Amino acid sequence: ATGATDNGIGSSMMLEAARILAALHLKPRRTIRVALWSGEEEGLLGSLAYVEQHFGSFENQKPEYAKLDAYFNIDSGTGKPRGASVFGPAGAADMVREALMPFVDWGFMGAVSTDSRRTGGTDSTSFNNAGLPGIGLAQDGFDYGSFTHHTNLDTYERIYEEDVREAAVEIASAVYAIAMADRMVERFRTSDMPKPAPEPRPGSLATKVRHVPAN
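Residue numbering for the sequence shown follows the UniProt record's numbering, beginning at 1 and increasing consecutively.
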């Protein structure tokens, strides 16, 4: 596959969101960092290693753990965001929903919370697994779910430019709103934190991924 919609365009959306914020000369309360991960298809290699190196896990926290507010992830093709899944209690989803509500006229429909710490599928789950607020943006599917996902049809002409532009604006606005908020995205309390996902079977690919060195 050539990777236009999976996930070259997602990387482009994030870079354009960063360009928008820089062009506006905004000064957010919290640092906004853009990360492009390697090895996602092979088992979330880049994001798992990054989380392990910088944050650790809920059960074994590193100093930076408490400083991370939230992580936004877009990895479902060329469509603009229609919703979001947020790791955390209901209050976390409420905060993300509020940040994206200005885009209801563009088709944004809401945010829901999740308590799953299981990894797989996309890089936001690496943060969820550690007990951190991973935000997965749900997009219009277009051709993604039918024939571009992981095929040699995933080419540039499958990109919907208007949706890409709108997505970058939505991401920039939501990230800035979260970075400027009076409080950080709500997390599960110690008593409410879901248990980690079961360890994968010995010898499986997932087992090897979970022990990738963080350097």
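In this text, a Cβ means the ideal position worked out from N, Cα and C, and glycines have one as well. Source: prediction; values computed, not measured.
- With a cutoff of 8 Å on beta-carbon distance, residue 163 and residue 83 are scored as not near each other.
- Boundaries of the alpha helix (DSSP H) harbouring residue 48: 45-54, taken from the DSSP string.
- Here the region 151-161 does not lie against the region 88-95, with fewer than 3 beta-carbon pairs under 8 Å apart.
- Non-local beta-carbon contacts of residue 29 in its own chain, meaning distances under 7 Å to residues more than five positions away in sequence, involve 179, 180 in chain order.
- Look at the beta carbons and you see the region 123-141 touching the region 51-71: at least three pairs across the two are nearer than 8 Å.
- One alpha carbon belongs to residue 18, the other to residue 106, and they sit about 20 Å apart.
- Exclusion of the five residues before and after residue 3 leaves 154 as the residues of its chain whose Cβ lies within less than 7 Å of its Cβ.
- When Cβ pairs closer than 8 Å are counted between the two stretches, the region 135-146 is seen to touch the region 64-81, the count reaching three or more.
- Secondary structure of residue 137 (DSSP, three-state): strand.
- Residue 81 sits in a strand when the DSSP states are folded into three classes.
- In this structure, residue 192 lies near residue 89, with their beta-carbon atoms less than 8 Å apart.
- The beta carbon of residue 62 sits closer than 7 Å to the beta carbons of 54, 55, 56 from its chain, once the five residues preceding and following it are set aside; these are given in chain order.
- In the structure shown, residue 127 falls within a helical segment according to DSSP collapsed to helix, strand and coil.
- For residue 114, the three-state secondary structure derived from DSSP is strand.
- Here residue 185 carries a coil assignment [DSSP, helix/strand/coil].
- A distance below 7 Å between beta-carbons, with the five flanking residues on each side excluded, links residue 51 to the following residues of its chain, in chain order: 126, 127, 130.
- A contact is defined here as three or more CB-CB pairs under 8 Å, and the region 38-51 meets this definition with respect to the region 108-123.
- In this structure, the beta-carbon distance from residue 36 to residue 11 falls below 8 Å.
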